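Structure first, then comments.
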C-alpha cells in the first residue's frame, strides 16, 4: 500500500483521522506492507499519519517502508542528497515521526549521483549493529569491521534474523539485545551471559534483560526464529 495519496499527491491531503482509518481498513483486508517517505506531504504529513495509524495496529505484523533523499526548500522540491551524515539525520527523524523502534525497509528515494552509492548506503548497513541508531562509520579499531557476519551478502542475510528478533522483542516491550540476553538467562544455571559495554545506557539496557520473562513456548519461538546453521558467515575468532 503506497501511502503518498493520503497526503495529497493529486488531491487535498486527508486528515490524520481519515488517513488512519484507510490504513486500518487496508490492514483488516490483509494488506501488511505500507510504503511512505519523508518527502510525502508538507511538514512530513505522511510519516506522522502512518505513525499514528501504527499505534492501532500490531507492529510486528506490519512491514513498514520509508525513504530518504529528496530535499524540500520552502515547500518545494530542491534536489537530491545522499551524504552519510544526511542519511543518518533522515533516519533518526523518520524513526521519531513514525514513533517506531525500527524500520523494516529504509532506502533511497532518488540516487544522489554526486555521491558514490557505497557512501550513501554505508550508514544503513551499520544500522544492523546499533538497532535503531544509524552510525556513520565503524571505529577504525572495531573488530566488527572485519567480522564476516557483518559484511557484504552475509550482512544482508543476517539482517533478516535481526528484524525477526526485533519483532519478537516488541511483544515484550524490550530491545532486541535484551531479548537475546533474556533467552540466554533462561537456558539454565550453567549458562552465564557476560555482556560488556562502554556506555552507561547500554549497561542499563543489559540489566533490564533480567525483567524479561519467557515461557518455554517463547523460548522455542526465539530459537526457531534464528536457526544457528542459517546465520551467514563464520565468527571472526582470530580478531578476539
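Numbering (UniProt numbering), first residue to last: 1 to 240. Beta carbons: idealized from backbone N, C-alpha and C, even for Gly. The structure displayed is predicted, hence computed values, not measured ones.
Distance check for residue 153 and residue 16, CA to CA, integer angstroms please.
Just so you know, the alpha carbons of residue 16 and residue 153 end up roughly 39 Å apart.
Do you know whose CA, among 89, 200, 62 and 212, lies nearest residue 68's CA?
In terms of CA proximity to residue 68, 89 leads the group 89, 200, 62 and 212.
Does the Cβ of residue 77 have 16 or more other Cβ atoms within 10 Å, making it buried, or fewer, making it exposed?
It counts as exposed.
Residues sharing a beta bridge with residue 120, DSSP:
DSSP output for residue 120 lists no bridge partner at all.
I need the straight-line Cα distance from residue 231 to residue 157, nearest angstrom please.
Rounded to whole angstroms, residue 231 and residue 157 show a C-alpha spacing of 8 Å.
Cα separation between residue 7 and residue 45?
Residue 7 and residue 45: Cα-Cα distance of roughly 6 Å.
Classify residue 228 as buried or exposed, calling it buried when 16 or more other Cβ atoms lie within 10 Å of its own Cβ.
The Cβ neighbour count for residue 228, taken over all protein chains shown within 10 Å, is under 16; the residue is labelled exposed.
Residue closest to residue 123, alpha-carbon to alpha-carbon, out of 109, 113, 86 and 56
The shortest Cα separation from residue 123 among 109, 113, 86 and 56 belongs to 86.
Need the endpoints of the alpha helix (DSSP H) that residue 171 sits in, please.
Looking at the DSSP string, the run of the alpha helix (DSSP H) that includes residue 171 is 152-171.
Closest residue to residue 20 among 2, 51, 221 and 201 (Cα-Cα distance):
Nearest option by C-alpha distance: 51.
From the DSSP output, in three-state form, read off residue 136 for me.
Residue confidence is low: residue 136 scores 44 on pLDDT, short of 50, so the model does not pin down where it sits. Its coordinate-derived value is still stated next. Residue 136 falls in the coil class under three-state DSSP.
Considering only the alpha carbon of each residue, which of 29, 166, 162 and 1 lies closest to residue 36?
The alpha carbon of residue 36 has as its nearest neighbour, out of 29, 166, 162 and 1, the alpha carbon of 1.
Helix or strand or just coil, what does DSSP make of residue 5?
Under the three-state reduction of DSSP, residue 5 is assigned to helix.
Which residue wins for smallest C-alpha separation from residue 13, given the options 28, 33, 42 and 24?
It is 42.
N- and C-terminal bounds of the beta strand (DSSP E) containing residue 108
Where residue 108 is concerned, the enclosing beta strand (DSSP E) stretches over 105-108.
Cβ-based neighbour list, residue 186, same chain, cut-off 8 Å, excluding 5 preceding and 5 following:
Excluding residues within five positions, the ones whose Cβ falls inside 8 Å are 214 and 219.
Within the chosen definition, does the segment 199-208 reach the segment 170-183 through at least 3 CB pairs nearer than 8 Å?
Short answer: they touch.
Residues in the same chain with beta-carbon distance under 8 Å from residue 106, minus the five sequence neighbours each way, listed in chain order, please.
Cβ within range, chain order: 65, 66, 67, 68, 91, 94, 124 and 127.
Here's the rule I'm using: 16 or more other beta-carbon atoms within 10 Å means buried, otherwise exposed. How should residue 54 be labelled?
Classification of residue 54: buried, given that the 10 Å Cβ count is 16 or more.
Is residue 27 helix, strand or coil when you go by DSSP?
Here residue 27 sits in helix by DSSP.
Closest by C-alpha distance to residue 111, when choosing among 79, 24 and 102:
Closest by alpha carbon: 79.
Sub-8 Å separation of residue 34 and residue 23 beta-carbons:
Yes. Within cutoff.
Residue 12, DSSP secondary structure in three states:
Of the three classes helix, strand and coil, the one that applies to residue 12 here is coil, per DSSP.
Cα-Cα separation between residue 171 and residue 58, rounded to whole angstroms:
Computed Cα separation, rounded: 9 Å.
When you compare only the Cα positions, how much space is there between residue 160 and residue 166?
Taking the straight line joining both Cα atoms gives about 10 Å.
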